[in-house]
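J.: All the letters of the sequence shown, read from the start, carry residue numbers 1 to 364 under the UniProt record's numbering.
A virtual CB, placed ideally from N, CA and C, is assigned to each residue, including glycine.
Predicted model, so just to flag it, every value in this text is computed and none were measured.
Below is one structure. I have some questions about it.
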Amino acid sequence: METSWDIGISNLTKESNISICNSTHSTLMDMENCEELKFDIGYDRDLIEKIVRVIVPVFFGMIGILGLIGNTLVVIVVAANPGMRSTTNILIINLAVADLLFVIFCIPFTATDFVLPFWPFGNIWCKIVQYLIIVTAYASVYTLVLMSLDRYLAVVHPITSMSWRTENHAILAICIAWAFIFALSTPALVIHGEIHFTFQDLDNSSTACRILPQYDWCFFQVSFFLTSYLLPLTLICVFYVCMLVRLWRGARVSAESRRGRRRVTRLVLVVVGVFAICWCPIQVILVTKSLEAYPLKSATIMVQIASHILAYTNSCVNPILYAFLSDNFRKAFRKIIYCRPRQDPQRSGPPTKTTRAASTGDIL
Numbered sequence: 001m002e003t004s005w006d007i008g009i010s011n012l013t014k015e016s017n018i019s020i021c022n023s024t025h026s027t028l029m030d031m032e033n034c035e036e037l038k039f040d041i042g043y044d045r046d047l048i049e050k051i052v053r054v055i056v057p058v059f060f061g062m063i064g065i066l067g068l069i070g071n072t073l074v075v076i077v078v079a080a081n082p083g084m085r086s087t088t089n090i091l092i093i094n095l096a097v098a099d100l101l102f103v104i105f106c107i108p109f110t111a112t113d114f115v116l117p118f119w120p121f122g123n124i125w126c127k128i129v130q131y132l133i134i135v136t137a138y139a140s141v142y143t144l145v146l147m148s149l150d151r152y153l154a155v156v157h158p159i160t161s162m163s164w165r166t167e168n169h170a171i172l173a174i175c176i177a178w179a180f181i182f183a184l185s186t187p188a189l190v191i192h193g194e195i196h197f198t199f200q201d202l203d204n205s206s207t208a209c210r211i212l213p214q215y216d217w218c219f220f221q222v223s224f225f226l227t228s229y230l231l232p233l234t235l236i237c238v239f240y241v242c243m244l245v246r247l248w249r250g251a252r253v254s255a256e257s258r259r260g261r262r263r264v265t266r267l268v269l270v271v272v273g274v275f276a277i278c279w280c281p282i283q284v285i286l287v288t289k290s291l292e293a294y295p296l297k298s299a300t301i302m303v304q305i306a307s308h309i310l311a312y313t314n315s316c317v318n319p320i321l322y323a324f325l326s327d328n329f330r331k332a333f334r335k336i337i338y339c340r341p342r343q344d345p346q347r348s349g350p351p352t353k354t355t356r357a358a359s360t361g362d363i364l
């Protein structure tokens, strides 16, 4: 994944020759096989530095705190309520775990990369961080795909899917997804590394964590866009369109069912819309930059920074989208917050709409 290396290079105040030395070690810089590059710096360095050193840490810090608290509460609420351990909620836990890992392994290092004009963590950690960023990004989005598939089966094939929509099958699907994601993300571990470069006119040197020059950044970025955004978003849309068609073509239903339809419709619009809106800008920018068609101006760099913040915001709003909009989850969440004792099932009386929904694995 592309880093904020352009910000690190903003030390240049004029057009200068830069020698970027391709190194796969974080020790001494190998001065052989260096590429002579010329950069025309077309943005206000002082303005950009003020933005990345003040605004970026504040926003990333807020997102990190909210993401940690929100996703941790999701895990605790479901784990503390055995009655909520349905297929849907198992997927919600996996989404929360993926978002937690994303918050932990992405936000701190990205914020550091924005603020500092060099990469301070060495070559090995550069590879690990970039690999984990890709892994957690894939894990989050493909958990959404699994959740969409689960909802599709529950709504379109409610009877025939009962034997498939079990906790064991959900856990198996999650394990297969993680194994596939770890394998799919392996190229990120190989092609990223610490790069040493010197400013010839300024007699200065620095480091950056990015894709090594011998690898095709464009191919990697376009592939990542297709597999982490376009493909999963298309699958989500297909599942939900089929589900909505089934719901709206149904026979005459009661007022309660109509309210259920509205809840599903609202959640679908929020799920697809927020995911697409949060990730679209940064995905487009990264692909454009890999094609060398993204201008380095003050305005465009600020747009890139805002796009990073918007994309990472998705990790802290997911608990709201997939948990807090659920009546069952909201009640369990309140019990955790106010430390209310768990109700004895034998004394709880006849099943209610909420308990019936929980028993069938539905949270809508």
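Within this structure, are the beta carbons of Val56 and Phe114 separated by less than 9 Å?
T.: As a first step, residue 56 is located in the sequence shown; it is residue number 56 there, counting from the start. As a first step, residue 114 is located in the sequence shown; it is residue number 114 there, counting from the start. Closer than 9 Å, so yes.
J.: Pull up the distance between the alpha-carbon of Ile171 and that of Thr186, whole angstroms please.
T.: On the sequence shown, residue 171 is found 171 positions in, with the first residue counted as 1. On the sequence shown, residue 186 is found 186 positions in, with the first residue counted as 1. The straight-line gap from Cα to Cα measures roughly 23 Å.
J.: DSSP beta-bridge partners for Arg210?
T.: Counting from one through the sequence shown, the residue named residue 210 turns up at place 210. Its beta-bridge partners are Gly193.
J.: Applying the 10 Å Cβ sphere with the 16-neighbour rule, what's the burial state of Cys175?
T.: As a position in the sequence shown, residue 175 is number 175, starting the count at 1. Its Cβ having fewer than 16 others within 10 Å, Cys175 is exposed.
J.: Report the option in Ser223, Lys297, Ala299 whose CA atom is closest to the CA atom of Gln283.
T.: Translated into the one-based positions of the sequence shown, residue 283 becomes position 283. Ranking the options by Cα distance to Gln283, first place goes to Ser223.
J.: How many angstroms separate the CA atom of Glu36 from the CA atom of Pro213?
T.: On the sequence shown, residue 36 is found 36 positions in, with the first residue counted as 1. On the sequence shown, residue 213 is found 213 positions in, with the first residue counted as 1. Low per-residue confidence applies at Glu36: pLDDT is 40, beneath 50, and the placement is therefore not dependable, though the value from the model is reported in the following sentence. Rounded to whole angstroms, Glu36 to Pro213 spans 12 Å at the Cα level.
J.: Buried or exposed: residue 367, going by 16 or more other Cβ atoms within 10 Å of its Cβ?
T.: In the structure as shown, the chain begins at 1 and stops at 364. Residue 367 is therefore absent and cannot be evaluated.
J.: For Ser86, is the classification buried or exposed, using 16 other Cβ atoms within 10 angstroms of its Cβ as the cut-off for buried?
T.: As a position in the sequence shown, residue 86 is number 86, starting the count at 1. Ser86 comes out buried.
J.: To the nearest angstrom, how far is it from the Cα of Val272 to the Cα of Ile93?
T.: Residue 272 sits at position 272 when you count from the first residue of the sequence shown. Residue 93 sits at position 93 when you count from the first residue of the sequence shown. For Val272 and Ile93, the distance between alpha carbons rounds to 19 Å.
J.: If Val78 sits next to Ser315, beta carbons under 8 Å apart, how far is it from one beta carbon to the other, in whole angstroms?
T.: The sequence position of residue 78 within the sequence shown is 78, counting from 1. The sequence position of residue 315 within the sequence shown is 315, counting from 1. Between Ser315 and Val78 the Cβ distance is about 18 Å, and since that is not below 8 Å, they are no contact.
J.: Following a CB-centred definition, is Ile76 positioned closer than 8 Å to any heavy atom of the ligand PLP?
T.: Absence of the ligand PLP is noted for the structure shown, with no ligands found whatsoever.
J.: How far does the alpha helix (DSSP H) with His169 in it reach, from first residue to last?
T.: Taking the sequence shown and counting its residues from 1, the one referred to as residue 169 is at position 169. Residues 167 to 184.
J.: Roughly how many angstroms separate the alpha carbons of Asn71 and Ala183, rounded to a whole number?
T.: The residue you call residue 71 lines up with position 71 of the sequence shown. The residue you call residue 183 lines up with position 183 of the sequence shown. The straight-line gap from Cα to Cα measures roughly 25 Å.
J.: What three-state label does DSSP hand Met162 in the structure shown?
T.: Locating residue 162 in the sequence shown gives position 162, where the first residue counts as 1. DSSP places Met162 outside both helix and strand once states are collapsed to three, so it counts as coil.
J.: Nearest CA to the CA of Ala208: which residue from Thr300, Thr227, Phe118, His192?
T.: Numbered from 1 along the sequence shown, position 208 holds the residue referred to as residue 208. That would be Phe118, whose Cα lies nearest to the Cα of Ala208.
J.: Could you check which residue in Asp327, Leu95, Leu132, Ile90 has the C-alpha nearest to that of Thr110?
T.: Within the sequence shown, numbered from 1, the residue matching residue 110 stands at position 110. Among Asp327, Leu95, Leu132, Ile90, the Cα nearest to that of Thr110 belongs to Leu132.
J.: Tell me the DSSP secondary structure of Leu144 in three-state form.
T.: Taking the first residue of the sequence shown as position 1, residue 144 is located at position 144. Helix at Leu144.
J.: Put Ser228 into one of helix, strand or coil per three-state DSSP.
T.: Position 228 of the sequence shown, counted from the first residue, corresponds to residue 228. Helix.
J.: Look at the alpha carbon of Gln304 and the alpha carbon of Asn168, and state the distance between them as a whole number of angstroms.
T.: Indexing the sequence shown from 1 puts residue 304 at position 304. Indexing the sequence shown from 1 puts residue 168 at position 168. Looking at the backbone, the Cα of Gln304 and that of Asn168 are separated by about 42 Å.
J.: Is the separation between the beta-carbon of Cys278 and that of Leu325 shorter than 9 Å?
T.: In the sequence shown, the residue the question calls residue 278 occupies position 278. In the sequence shown, the residue the question calls residue 325 occupies position 325. No.
J.: In three-state DSSP terms, what is Asp216?
T.: Here residue 216 corresponds to residue number 216 of the sequence shown, with the count starting at 1. Looking at Asp216 - three-state DSSP - the assignment turns out to be coil, as it is neither helix nor strand.
J.: If I measure Cβ to Cβ from Arg53 and keep anything under 6 Å in the same chain, skipping five residues before and after, which residues do I get?
T.: Reading the sequence shown from its first residue, position 53 is the one you call residue 53. Closer than 6 Å at Cβ, skipping near neighbours: Val115.
J.: Hey, would you say Val141 sits closer than 9 Å to Met243, going by beta carbons?
T.: Within the sequence shown, residue 141 is the residue found at index 141, counting from 1. Within the sequence shown, residue 243 is the residue found at index 243, counting from 1. No. Outside cutoff.
J.: To the nearest angstrom, how far is the alpha carbon of Val317 from that of Ile301?
T.: Taking the sequence shown and counting its residues from 1, one reaches residue 317 at position 317. Taking the sequence shown and counting its residues from 1, one reaches residue 301 at position 301. So the alpha carbons of these two residues sit roughly 25 Å apart.
J.: Quick one, which of Val190, Asn81, Arg151 has its alpha-carbon nearest Arg246's?
T.: The residue labelled residue 246 in the question sits at position 246 within the sequence shown. Checked all of Val190, Asn81, Arg151; the closest Cα to Arg246 is Arg151.
J.: Assuming Val52 is part of the alpha helix (DSSP H), what are its boundary residues?
T.: Taking the first residue of the sequence shown as position 1, residue 52 is located at position 52. Unbroken run through Val52: none, as it is neither H nor E.
J.: Considering only residues of the same chain and omitting the five flanking positions on each side of Val97, which have a CB-CB separation below 6 Å?
T.: Residue 97 sits at position 97 when you count from the first residue of the sequence shown. Hits under 6 Å: none found.
J.: Check whether the Cβ atoms of Val145 and Ile236 lie closer than 9 Å to each other.
T.: Locating residue 145 in the sequence shown gives position 145, where the first residue counts as 1. Locating residue 236 in the sequence shown gives position 236, where the first residue counts as 1. It is a contact, given that the beta carbons lie within the stated cut-off.
J.: Please classify Leu235: does DSSP put it in a helix, a strand, or coil?
T.: Sequence index remark: in the sequence shown, residue 235 carries index 235 (1-based). Looking at Leu235 - three-state DSSP - the assignment turns out to be helix.
J.: Suppose contacts are defined by Cβ-Cβ distances below 9 Å. Is Leu189 in contact with Ala139 by that definition?
T.: Translated into positions along the sequence shown, residue 189 becomes position 189. Translated into positions along the sequence shown, residue 139 becomes position 139. Cβ atoms of Leu189 and Ala139: not closer than 9 Å.
J.: Relative to the C-alpha of Ala137, which residue among Gly64, His157, Trp164, Phe105 is closest?
T.: Position 137 of the sequence shown, counted from the first residue, corresponds to residue 137. That would be Phe105, whose Cα lies nearest to the Cα of Ala137.
J.: So what's Ala80 in DSSP terms, helix, strand or just coil?
T.: Start at 1 with the first residue of the sequence shown, and residue 80 comes out as number 80. In this structure, Ala80 counts as coil in the three-state DSSP scheme.
J.: Helix or strand or just coil, what does DSSP make of Cys106?
T.: Locating residue 106 in the sequence shown gives position 106, counting from the first residue. Note: Cys106 maps to coil in three-state DSSP.
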